[in-house]
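Colleague:
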Amino acid sequence: MAAAMVAWRLVGRLVGRAVGPGGAFACPLTRLAFPAGQRRRMSGASPVLVELDERAGVAVVRLQQPPVNGLSLALLTELCLALQKLEDRRACRGLVLTSAIPGIFSAGLDITEMFGRSEERLGEFWRAVQQLWILLYGSRLVTVAAVNGSSPAGGCLMALSCDYRIMADNPKYQIGLNETRLGIVAPFWFKDALLNTVGHRAAERSLQLGLLYSPQEAFKIGLVDELVPEEKIQARAAEVMAQWLAIPDHARQLSKSALRKQTLDHLLMHREADIQDFVRFISRDAIQKSLQKYMEMLKQKKAYQVVSIGRILWNPRVRIMIRVLVRS
Amino acid sequence: MAAAMVAWRLVGRLVGRAVGPGGAFACPLTRLAFPAGQRRRMSGASPVLVELDERAGVAVVRLQQPPVNGLSLALLTELCLALQKLEDRRACRGLVLTSAIPGIFSAGLDITEMFGRSEERLGEFWRAVQQLWILLYGSRLVTVAAVNGSSPAGGCLMALSCDYRIMADNPKYQIGLNETRLGIVAPFWFKDALLNTVGHRAAERSLQLGLLYSPQEAFKIGLVDELVPEEKIQARAAEVMAQWLAIPDHARQLSKSALRKQTLDHLLMHREADIQDFVRFISRDAIQKSLQKYMEMLKQKKAYQVVSIGRILWNPRVRIMIRVLVRS
Amino acid sequence: MAAAMVAWRLVGRLVGRAVGPGGAFACPLTRLAFPAGQRRRMSGASPVLVELDERAGVAVVRLQQPPVNGLSLALLTELCLALQKLEDRRACRGLVLTSAIPGIFSAGLDITEMFGRSEERLGEFWRAVQQLWILLYGSRLVTVAAVNGSSPAGGCLMALSCDYRIMADNPKYQIGLNETRLGIVAPFWFKDALLNTVGHRAAERSLQLGLLYSPQEAFKIGLVDELVPEEKIQARAAEVMAQWLAIPDHARQLSKSALRKQTLDHLLMHREADIQDFVRFISRDAIQKSLQKYMEMLKQKKAYQVVSIGRILWNPRVRIMIRVLVRS
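Written out as structure tokens, the structure is:
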């Protein structure tokens, strides 16, 4: 038990150091500040809305980056900063992660962050993606994802990193790690998070085919824990949170660490290599050319201005074009 | 195949050495002796009743330590001794583990063993808990748990360590590793045994929340293999045992080892460190103070004289008090 | 991503070297040659029928080794050669593995290959069994098993090694790793392939009991992915293949490698030791005597001329005799 506890602290320290203002990943300390009062909106124009109910010890974090909560470096930085602040805030014991944009939880990584960027910038972007996962997957807080819209790729990863997933039972929504369909590959820690949730066989099929699941299908394979009518999702998240907060924090955190530490350590110990792998892969001429053509296509056809990978799949015409591009 | 076989023998030797009279964990060789005849009760006042049917090659081991089969050092020692004897007995090929106390399989570790004890005694206690798991989880015998009552914490661990779990379908009964609710944490090998049974996701949720499942829920997640009406559980255990004994022992044992050896080795290779972790954790002032208050409360309120951790949960008033104590 | 890609190539190279004509495992380069035209049967008297539809990029591989597609060294060699050729053929993107013999997919390893053979020959046989699994489990192709008959032991392994398993919904058919019932043990890589498909608990029970499942049972535990009426199995396999081929090959292959590489590496890194283990185990006097008696029995009772292990179970009389032999 002591060993597990020490390990947990170690992760905490690593995470803390990585995002601290003097560390390798410096978050701009702007716009977000927790007010003394309760239940006040903590940011205005920010893409990350944080409401902390100090009495309950619960923060609700809402993503609001139109059009599809694409994970740009700016959004990632804001989100990591907000999560780290909640992590450090003693009064906070749990967080609900959800979207302020109707119909979309998050469309995943912002594709514009991957095209025509310097290696340094690409590395910074990838480090921020890693950081988001490390913070969420290893959080000391109870984390509940209220998936109130579609959630492909990186959006699905965020949900997978929480302790509990509630999804709106709307058959139009989809969730899954669909990277493969776009000709790219989910990194090993995306895969590990999926595998720990749905098991080896479902993960194998899911990743090879880049499957996007309806809420009913996602529930069936265990990708989400519960389905609720869309209008009740926030209330249900609060109920679930109350159940989880009835458990003593320290013991719950140690149990969480016992089950997640190995998976977290895998990335923590290979973080730089993982960044280099990403930068090398995404900088390849073939990949950049595909991205360029895709970006140009987006500019020409304003109707398809979707800045995030996952969205591509939802329009058959774009999907076909992408497939051709990726193959060429 | 040969490699697997050697490994199995190695485990056998390690186990044998550890419990042998000259080893680190000396069982008092008293009270239990196998008579030559068949189907005779093998012990009288002992908390461990063993009946060996030599013709069938099957032993039934019944726990009878009132009020709730709490795993005290005395009971653990008797049980390990009985299991080791059956392990060494050529005529014995299978064992059914069950309870002689109505409504309770086992309430798990005896909390009085953890309060106000010397470090030496705490270490001895924990070594006995380890030994029970090593013997059961790595047994060469077919092991069937006939879970005829509630089975929290260490009681659940015993069931998890068998090859097959049959539970009485009585909605009043509960089973699960609920340590987290009491502010303590299931050791890594409890976690591994659960994970190997219900998978990563169910284990994560189960351990973080310290869930106790009804028989129906336990069956649904695979924590038990089969539900039967309470009055038929022993007959059904005998039927299942006959099916398992139809398989050649040697091949079955090698297959079992192939799937359990890695998990067993994890503890066997870190056994002393695990004991030290336990002793250090349980000796902490905060933990001892909580235990003291709880013990005093038990003395004052005779109605709550339940000596074992798991039982606490079954009385809402006690649960609330404990939670307060743990937090203070 | 780059790391995963390199790893994949490494496996490819290892596999390639192992089966190349100058390598340790030399396939006789006979009988099989791909014609230039499409949809022509690629071999005549061969036990391995290969039809490659170059336009679709899909090969159908049919086993036709009467009476039960027992995996003899000859069949293994032909099959490995065919698989390697398809692997190397750029026009081929997927393969359907099925049987040309009604009612039987494959009865698994040919028992006559294990009796009265020199150590060299036994080693050659086992290397071919390994090679088949390495090729199938690590194939760059989409692999769909159309299980159109019973599939015990090594037959089940072949199905487990594919990406997707469709089984004819005929209650007379059975599938499973039933080695334990015959007194032998599934090698660790059989176990790993099963574990990756049905999870730890189902694998433990399945292997300890040597369970053979009906199609419905196999579907329930996830051992097969889909059941179809027998007459529709080939059409359904083609449909499924088309779905899988809609995914970009490169990304699909990297995702497959990410989930299978560790399991493959386990054998690749212990291949020689695994061969030695097999040869030592099967050469033991007790095992050879059992095999001898069984072979003699087969000769005397022509009615039981089943050359492959799995088949034994389907006749109660033979099963009983075998059990006696194994025990003696």
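Residue numbers (our numbering), protein chains in the order written: chain A, 1 to 328; chain B, 1001 to 1328; chain C, 2001 to 2328. Yeah, the Cβ is synthetic: ideal placement off N, Cα and C, and Gly gets one too.
What distance in whole Å lies between the Cβ atoms of L157 of chain A and F190 of chain A, which are believed to be in contact at a cut-off of 8 Å?
Modeller: Correct: roughly 5 Å between the Cβ atoms.
Colleague: Is P1229 of chain B near Y1173 of chain B, with beta carbons less than 8 Å apart?
Modeller: Their beta carbons are not under 8 Å apart, which means P1229 of chain B does not touch Y1173 of chain B by this criterion.
Colleague: Using 8 Å as the limit for Cβ to Cβ distance, is R252 of chain A near chain B?
Modeller: True, the Cβ-Cβ gap to chain B drops below 8 Å.
Colleague: Can you tell me whether E1120 of chain B is buried or exposed? The criterion is at least 16 other CB atoms within 10 Å of its CB, across all chains shown.
Modeller: Its Cβ having fewer than 16 others within 10 Å, E1120 of chain B is exposed.
Colleague: For chain B, is any of its Cβ atoms less than 8 Å away from the one on S334 of chain A?
Modeller: In this structure chain A extends from 1 to 328, so residue 334 of chain A is not present and cannot be described.
Colleague: Can you grab the Cα-Cα spacing for the pair I2282 of chain C / H2270 of chain C, in whole Å?
Modeller: Each residue's alpha carbon lies about 18 Å from the other.
Colleague: Three Cβ pairs or more, each shorter than 8 Å: is that satisfied between the segment 1147-1156 of chain B and the segment 1093-1113 of chain B?
Modeller: Result yes; three or more Cβ-Cβ pairs closer than 8 Å.
Colleague: Can you list, in chain order, the residues of its chain with a C-beta nearer than 6 Å to that of G123 of chain A? Leave out the 5 residues immediately preceding and following it.
Modeller: Only I275 and V279 meet the Cβ criterion.
Colleague: Just the Cα atoms here: how many angstroms apart are T263 of chain A and N196 of chain A?
Modeller: Going from the Cα of T263 of chain A to the Cα of N196 of chain A covers about 9 Å.
Colleague: Give the residues of chain C in contact with L1259 of chain B, contact being defined as C-beta atoms less than 9 Å apart.
Modeller: Here the neighbours are K2191, L2195, H2200, A2203, E2204, L2207 and Q2208.
Colleague: Y2213 of chain C: which of C:G2149, C:C2080 and C:L2135 sits nearest, CA to CA?
Modeller: When only C-alpha atoms are compared, the closest one is C:G2149.
Colleague: Taking one C-beta from the segment 136-151 of chain A and one from the segment 89-103 of chain A each time, how about it: are there three or more such pairs within less than 8 Å?
Modeller: Touching, yes.
Colleague: Looking at A56 of chain A and V50 of chain A, is the spacing between their C-beta atoms short of 8 Å?
Modeller: No, the Cβ-Cβ distance between V50 of chain A and A56 of chain A is not below 8 Å.
Colleague: To the nearest whole angstrom, what separates the beta carbons of V2129 of chain C and L2076 of chain C, a pair I think is in contact under 8 Å?
Modeller: About 6 Å; that satisfies the 8 Å criterion.
Colleague: Which same chain residues end up closer than 6 Å to R1062 of chain B when comparing Cβ atoms and leaving out the 5 residues on each side of it in sequence?
Modeller: Within the same chain, R1062 of chain B has close Cβ partners L1049, T1098 and A1100.
Colleague: Check each candidate in C:L2194, C:Q2208 and C:E2272 and name the one with the smallest Cα separation from D1249 of chain B.
Modeller: The shortest C-alpha separation from D1249 of chain B is found at C:Q2208.
Colleague: So, using beta-carbon positions, are W244 of chain A and D163 of chain A closer together than 8 Å?
Modeller: For W244 of chain A and D163 of chain A, yes; Cβs fall inside 8 Å.
Colleague: Rounding to the nearest angstrom, what Cα-Cα distance links Y137 of chain A and R1201 of chain B in this structure?
Modeller: Cα-Cα distance, rounded: 13 Å.
Colleague: Where A2159 of chain C and W2133 of chain C are concerned, what is the direct C-alpha to C-alpha distance, given to the nearest angstrom?
Modeller: Taking the straight line joining both Cα atoms gives about 10 Å.
Colleague: According to DSSP, what are the bridge partners of V1058 of chain B?
Modeller: Beta-bridge pairing links V1058 of chain B to B:D1053 and B:G1094.
Colleague: Please classify D2225 of chain C as buried or exposed, where buried requires at least 16 neighbouring CB atoms within 10 angstroms.
Modeller: By the 10 Å Cβ count, D2225 of chain C comes out buried.
Colleague: Per the DSSP calculation, E1226 of chain B is bridged to which residue(s)?
Modeller: Partner(s): B:I1166.
Colleague: Under 8 Å, Cβ to Cβ, is there at least one residue of chain A near S2255 of chain C?
Modeller: Taking Cβ atoms only, chain A reaches closer than 8 Å to S2255 of chain C, which makes this a yes.
Colleague: Measuring only the C-alpha atoms, how far is L254 of chain A from I1184 of chain B?
Modeller: Using only the alpha carbons, I get a separation of about 9 Å.
Colleague: Taking C-alpha atoms, which residue in C:E2113, C:R2284 and C:S2046 lies nearest to L2071 of chain C?
Modeller: Minimum Cα distance to L2071 of chain C is reached at C:E2113.
Colleague: Whose C-alpha, out of C:V2068, C:S2046, C:A2286 and C:S2257, is nearest the C-alpha of L2081 of chain C?
Modeller: Comparing Cα positions, the closest option is C:S2046.
Colleague: Can you find a C-beta in chain C that's less than 8 Å from the C-beta of W1244 of chain B?
Modeller: By this cut-off, W1244 of chain B is an interface position.
Colleague: Starting from the C-beta of A238 of chain A, find all residues in its chain whose C-beta is less than 6 Å away, skip the five residues before and the five after it, and write them out in chain order.
Modeller: Contacts found: none.
Colleague: Alpha carbon to alpha carbon, how far is L2291 of chain C from I2111 of chain C?
Modeller: Spanning the two alpha carbons is a distance of roughly 8 Å.
Colleague: Cα separation between L223 of chain A and R2089 of chain C?
Modeller: Distance between the alpha carbons of L223 of chain A and R2089 of chain C: 37 Å.
Colleague: Counting only runs that start and end within the segment 1168-1243 of chain B, where is the alpha helix (DSSP H) found for 4 or more residues in a row?
Modeller: As far as the segment 1168-1243 of chain B is concerned, its whole alpha helix (DSSP H) runs of at least 4 residues are 1188-1198, 1200-1209 and 1215-1221.
Colleague: Is the Cβ of I2247 of chain C closer than 8 Å to any Cβ of chain A?
Modeller: True, the Cβ-Cβ gap to chain A drops below 8 Å.
Colleague: Please report whether the beta-carbon of T2180 of chain C lies at a distance below 8 Å from any beta-carbon of chain B.
Modeller: T2180 of chain C counts as touching chain B.
Colleague: Checking the sheet assignment: what are the DSSP bridge partners for I1104 of chain B?
Modeller: B:S1150.
Colleague: Is the CB of G176 of chain A under 8 Å away from at least one CB in chain B?
Modeller: Not one chain B Cβ lies under 8 Å of G176 of chain A.
Colleague: Which chain C residues sit within Cβ distance under 7 Å of D1163 of chain B?
Modeller: Within chain C, the residues near D1163 of chain B are Q2208.
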